[in-house]
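Going by our numbering, the first residue of the first sequence is number 1, and it counts up by one from there.
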Amino acid sequence: MAESVDSSNTTPPPESKPAATEHKSWADEAEEEVPEETNDAPSSSSVSSLNVDALAIDENKKTATKFLDEPEDSNIQAVTSGDTPYTSASTFEDLNLSPELLKGLYVEMKFQKPSKIQAISLPMILSPPHRDLIAQAHNGSGKTTCFVLGMLSRVDPNLKAPQALCICPTRELAIQNTEVLRKMGKYSGIISECAVPADSRDSIPIAKRAPIMAQVVIGTPGTIKKWITYKKLSAVRLNILVFDEADQMLAEDGFKDDSLRIMKDIERVNANCQVLLFSATFNEIVKNFVSRTVKKDHNQLFVKKEELSLEAVKQYRVNCLDELSKVEVIKDYIFEIGENVGQTIIFVRTRHSASMLHQSLAELGYEVTSIQGALQHDERDKIVKEFRDGLTQVLISTDVLARGFDQQQVNLVINYDLPVKHIVGYAREQEPDYEVYLHRVGRAGRFGRKGAVFNLICGERDANLMAKIEQHFGTHVTEVRAKSVEDYKGALREAGLLQ
DNA sequence: AAAAAAT
């Protein structure tokens with residue numbers, strides 16, 4: 001039903017081309033980034049021969065392009081602006097990167113060749129005239145590498161001034177992206193700074209801070225805005241501005257104003273700053289809005305929503321009699337067998353329920369940690385670090401970690417509550433937050449790994465939400481009977497997480 | 001409601 005809406009806005013109708021090939025498992029090719037799991041067709045599989053075919057032109061001189069490459073076509077729809085030809089990169093060498101950056105990719109990151117989204121987006125990001133780009137790609141498919149490499153490539157190492165800026169919705173994501181950039185840029189000599197609020201004890205008053213000399217700055221909107229306002233962060237030499245989770249950053253209350261403000265502040269002093277918007281989700285309304293926040297001649301990459309669910313992540317529902325039995329399900333089944341399949345994140349809707357669930361499980365003797373935005377910054381950092389180090393197996397979280405959090409050992413995601421949209425006024429029926437759902441699911445199955453999601457459903461209200469989610473993404477969420485451990489084992493086996 | 005972050 002919504003498909004027509006989707007395609008009409010993503011892509012002008014093709015004129016002469018046959019319909020895009022059926023979608024194949026994205027996961028198969030996303031695995032390219034994981035050396036030990038690489039079992040793909042050899043890289044000679046004709047990626048380099050693809051070129052851009054003009055399919056249709058609209059009044060803005062937008063050209064719809066279809067990248068015809070590997071047999072497992074991932075159906076990323078490209079809309080390019082003007083007549084710059086872009087050729088997909090089959091190797092990182094195709095991108096004219098510095099030897100230092102190539103070394104970072106191969107030695108530090110252990111990458112072999114670009115993933116699909118990298119192959120397509122990087123030429124668009126790196127080739128003059130450096131047009132703005134709105135890029136959508138699946139969870140865990142390597143978006144971070146796209147913009148991190150974009151930032152590193154567009155920095156002049158000899159110029160000691162901020163040249164690349166990246167804005168993220170959470171502290172955790174800003175830290176994670178900074179770590180990726182430092183790793184990838186290890187041999188480049190490029191200096192970076194993470195702009196998130198410091199612990200109260202070692203924070204320096206902004207007025208006393210020296211101006212930022214780092215060449216790349218990655219952070220959250222409040223701190224970045226503050227640095228710009230106090231003239232500690234100059235936008236004059238910025239070549240590239242990235243919004244990670246851009247749909248949230250630019251369209252959601254609380255983020256939108258800050259993001260647009262930062263964009264305007266930069267524009268005022270710098271007309272040539274390339275803007276990149278990255279996310280796994282851009283719903284139709286948001287897509288429409290954000291495309292008006294970037295330059296008119298921007299390029300676009302989009303994926304249909306029906307093809308966004310990761311096929312490698314199996315989705316299940318568990319019907320629970322009441323809220324209390326949700327805890328039973330978690331302790332009897334998830335803890336009994338879940339611990340054998342890797343790490344688990346349990347998502348809850350409120351900060352309060354994060355604490356409550358944590359407490360209940362702790363009282364029952366289970367080792368869990370929980371994270372939510374009301375905790376102290378250093379506490380948040382500590383909990384994430386323990387989880388990353390594998391010291392904790394099960395982490396309860398609000399949606400603070402719903403987006404972007406990349407921990408490859410997470411194979412299991414529990415939706416203790418389904419995400420719902422906050423509707424102002426008196427709505428009769430609750431609407432699921434489809435984007436948050438997809439992002440939560442995407443915490444499992446990183447880079448094409450297997451994963452499973454258990455949605456704990458209680459009552460008609462939850463059942464309704466679940467049904468809407470299934471309909472929206474065109475996926476089936478299999479029911480698991482909450483009767484015995486065997487039922488759960490069967491589900492995990494089916495998901496490929498158990499033998 | 002949650003996410004940022006400032007006061």
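Here a beta-carbon is modelled for each residue, glycine too, at the ideal position from N, C-alpha and C. Fair warning: this is a prediction, and the values are worked out from it, not measured in the lab.
Open item on the list: I'd like the list of long-range same chain contacts for Pro211, defined as Cβ closer than 6 Å, with 5 residues on each side in sequence excluded.
Closed with: Numbered from its first residue, the first sequence carries residue 211 at position 211. So the list reads Lys232, once near-sequence residues are dropped.
Task: Pro221 vs Ile167 beta-carbon contact at 9 Å - done: As a working note, residue 221 is residue 221 in the first sequence. As a working note, residue 167 is residue 167 in the first sequence. Remark: C-beta atoms of Pro221 and Ile167 approach each other more closely than 9 Å.
- [ ] Following the continuous beta strand (DSSP E) through Phe255, name the residue where it begins and the one where it ends.
- [x] If you number the first sequence from 1, residue 255 lands on position 255. Segment: none, Phe255 is in no beta strand (DSSP E) and carries neither H nor E.
Task: Simplified DSSP assignment, three categories, for Pro99 - done: The count along the first sequence starts at 1 and reaches residue 99 at position 99. DSSP places Pro99 in the helix class (H, G or I) of the three-state scheme.
TODO: Just mark Val269 as buried or exposed, buried being the case when its beta carbon has 16 or more other beta carbons within 10 Å.
DONE: To locate residue 269, count along the first sequence from 1; it is residue 269. Val269 is exposed by the Cβ-count criterion.
- [ ] Tell me, to the nearest whole angstrom, how far the beta carbon of Leu465 is from that of Val400; I am working on the premise that it is less than 8 Å.
- [x] Along the first sequence, one-based indexing puts residue 465 at 465. Along the first sequence, one-based indexing puts residue 400 at 400. No, Leu465 and Val400 are not in contact; Cβ-Cβ is about 21 Å, not under 8 Å.
TODO: May I have the straight-line CA-CA distance separating Ala444 from Ala207, to the nearest angstrom?
DONE: Position 444 of the first sequence holds residue 444. Position 207 of the first sequence holds residue 207. When rounded, the distance between both Cα atoms is 42 Å.
TODO: Drop a sphere of 10 angstroms on the beta-carbon of Tyr542, count the other beta-carbons inside from all chains shown, and report buried for 16 or more, exposed for fewer.
DONE: The shown model of the chain, from 1 to 499, leaves out residue 542, and the question about it has no answer.
Open item on the list: Does Asp244 come out as helix, strand or coil in the three-state DSSP assignment?
Closed with: Sequence index remark: in the first sequence, residue 244 carries index 244 (1-based). Residue state, collapsed to three classes: strand.
Task: At least three beta-carbon pairs within less than 8 Å, the region 109 to 121 to the region 153 to 162 - done: Segments in contact, no.
Task: Delimiting residues of the alpha helix (DSSP H) encompassing Lys314 - done: In the first sequence, counting from the first residue as 1, residue 314 sits at position 314. Lys314 -> not in any alpha helix (DSSP H); beta strand (DSSP E) instead, spanning 313 to 320.
Open item on the list: Does Pro432 come out as helix, strand or coil in the three-state DSSP assignment?
Closed with: Along the first sequence, one-based indexing puts residue 432 at 432. The answer is strand: DSSP assigns Pro432 an E or B state.
Task: Residues of its chain near Thr178, where Cβ-Cβ distance is below 7 Å and the 5 sequence neighbours each way are ignored - done: Mapped onto the first sequence, residue 178 falls at position 178. Within the same chain, Thr178 has close Cβ partners Ser192, Cys194, Ile218.
- [ ] Taking 9 Å as the cut-off, decide whether the C-beta atoms of Val480 and Tyr316 are in contact.
- [x] Counted from its first residue, the first sequence places residue 480 at position 480. Counted from its first residue, the first sequence places residue 316 at position 316. In contact: Val480 and Tyr316 (Cβ atoms closer than 9 Å).
Open item on the list: So, for Thr369: in the same chain, excluding its five sequence neighbours on each side, which residues have a beta-carbon less than 6 Å away from its beta-carbon?
Closed with: Within the first sequence, residue 369 is the residue found at index 369, counting from 1. So the qualifying residues of the chain are Ile383, Thr392, Leu395.
Open item on the list: Measuring only the C-alpha atoms, how far is Ser49 from Ala135?
Closed with: Locating residue 49 in the first sequence gives position 49, where the first residue counts as 1. Locating residue 135 in the first sequence gives position 135, where the first residue counts as 1. Bear in mind that the predicted position of Ser49 carries a pLDDT of just 25, short of 50, making it unreliable; the figure below should be weighed with that in mind. Straight-line spacing of the CA atoms in Ser49 and Ala135 works out to 22 Å.
Open item on the list: Are the CB atoms of Val290 and Val413 within a distance shorter than 9 Å?
Closed with: To locate residue 413, count along the first sequence from 1; it is residue 413. To locate residue 290, count along the first sequence from 1; it is residue 290. Taking 9 Å as the cut-off, the Cβ atoms of Val413 and Val290 do not count as close.
Task: Beta-bridge pairing of Cys194 - partner residues as DSSP gives them - done: Taking the first sequence and counting its residues from 1, the one referred to as residue 194 is at position 194. According to DSSP, which records beta bridges pairwise, Cys194 is partnered with Ile218.
TODO: Return the CA-CA distance between Phe282 and Val327, expressed in angstroms with no decimal places.
DONE: One-based indexing of the first sequence puts residue 282 at position 282. One-based indexing of the first sequence puts residue 327 at position 327. Rounded to the nearest angstrom, the two C-alpha atoms are 34 Å apart.
Open item on the list: Spatial neighbours of His130 within its chain, please: C-beta separation below 7 Å, excluding the five flanking residues on both sides.
Closed with: For the purposes of this step, residue 130 is taken as the residue at position 130 of the first sequence. The beta carbon of His130 sits closer than 7 Å to the beta carbons of Gln274 from its chain, once the five residues preceding and following it are set aside; these are given in chain order.
- [ ] Give me the Cβ distance between Leu181 and Met151, rounded to the nearest whole Å; I'm assuming they're in contact under 8 Å.
- [x] Stepping through the first sequence from its first residue, residue 181 is reached at position 181. Stepping through the first sequence from its first residue, residue 151 is reached at position 151. For a cut-off of 8 Å, the C-beta gap from Leu181 to Met151 is around 7 Å, short enough to register as a contact.
- [ ] Per DSSP, which residues does Leu165 bridge with? Please list them.
- [x] Here residue 165 is taken as the residue at index 165 of the first sequence, counted from 1. Answer by DSSP bridge pairing, in chain order: Val217, Leu241.
Task: Supposed close pair Asn75, Ala280 - CB separation, criterion 8 Å - done: One-based indexing of the first sequence puts residue 75 at position 75. One-based indexing of the first sequence puts residue 280 at position 280. Between Ala280 and Asn75 the Cβ distance is about 14 Å, and since that is not below 8 Å, they are no contact.
Task: Touch test, the region 117 to 126 against the region 140 to 148, Cβ-Cβ under 8 Å, three pairs minimum - done: In short, these stretches touch, since the Cβ pair count reaches three.
Task: Exposure label - Ala137; buried when at least 16 CB within 10 Å - done: For the purposes of this step, residue 137 is taken as the residue at position 137 of the first sequence. With 16 or more other Cβ atoms within 10 Å, it is buried.
- [ ] With DSSP as the reference, please indicate the residues paired to Glu479 in a beta bridge.
- [x] Taking the first residue of the first sequence as 1, we reach residue 479 at position 479. The partner list for Glu479 (beta bridge, DSSP) reads Arg317.
TODO: Spell out the partners DSSP gives Gln372 in its beta bridges.
DONE: Translated into positions along the first sequence, residue 372 becomes position 372. The beta-bridge partner set that DSSP reports for Gln372 is empty.
TODO: Report buried or exposed for Arg446, applying the criterion of at least 16 other Cβ atoms within 10 angstroms of its Cβ.
DONE: Stepping through the first sequence from its first residue, residue 446 is reached at position 446. Classification of Arg446: buried, given that the 10 Å Cβ count is 16 or more.
Task: Length-filtered (4 minimum) alpha helix (DSSP H) runs lying within the region 270 to 320 - done: Correct list: 284 to 290.
Task: Rounded C-alpha distance that separates Asp247 from Leu357 - done: Numbered from its first residue, the first sequence carries residue 247 at position 247. Numbered from its first residue, the first sequence carries residue 357 at position 357. Taking the straight line from one Cα to the other gives about 30 Å.
TODO: With a 10 Å radius around its C-beta and 16 neighbouring C-beta atoms as the bar for buried, classify Ser203 as buried or exposed.
DONE: Within the first sequence, numbered from 1, the residue matching residue 203 stands at position 203. It is exposed - the Cβ of Ser203 has fewer than 16 other Cβ atoms within 10 Å.
Open item on the list: What does the alpha-carbon distance come out to for the pair Thr344 and Arg440?
Closed with: In the first sequence, the residue the question calls residue 344 occupies position 344. In the first sequence, the residue the question calls residue 440 occupies position 440. Taking the straight line from one Cα to the other gives about 12 Å.
TODO: Taking only the alpha-carbon atoms, compute the straight-line gap between Lys183 and Leu260 and give it to the nearest angstrom.
DONE: If you number the first sequence from 1, residue 183 lands on position 183. If you number the first sequence from 1, residue 260 lands on position 260. Lys183 and Leu260: Cα-Cα distance of roughly 30 Å.
Task: Of the residues Glu336, Val318, Arg380, the one placed nearest Glu367, counting alpha carbons only - done: Position 367 of the first sequence, counted from the first residue, corresponds to residue 367. Comparing alpha-carbon positions, the option among Glu336, Val318, Arg380 lying closest to Glu367 turns out to be Glu336.
Open item on the list: Considering just the uninterrupted stretch of the alpha helix (DSSP H) at Ala78, what are its terminal residues?
Closed with: As a working note, residue 78 is residue 78 in the first sequence. DSSP places Ala78 in no alpha helix (DSSP H) but in the uninterrupted beta strand (DSSP E) bounded by 77 to 81.
Task: Burial state of Pro504, where buried means 16 or more other Cβ atoms lie within 10 Å - done: This structure cannot settle anything about residue 504, because the visible part of the chain is limited to 1 through 499.
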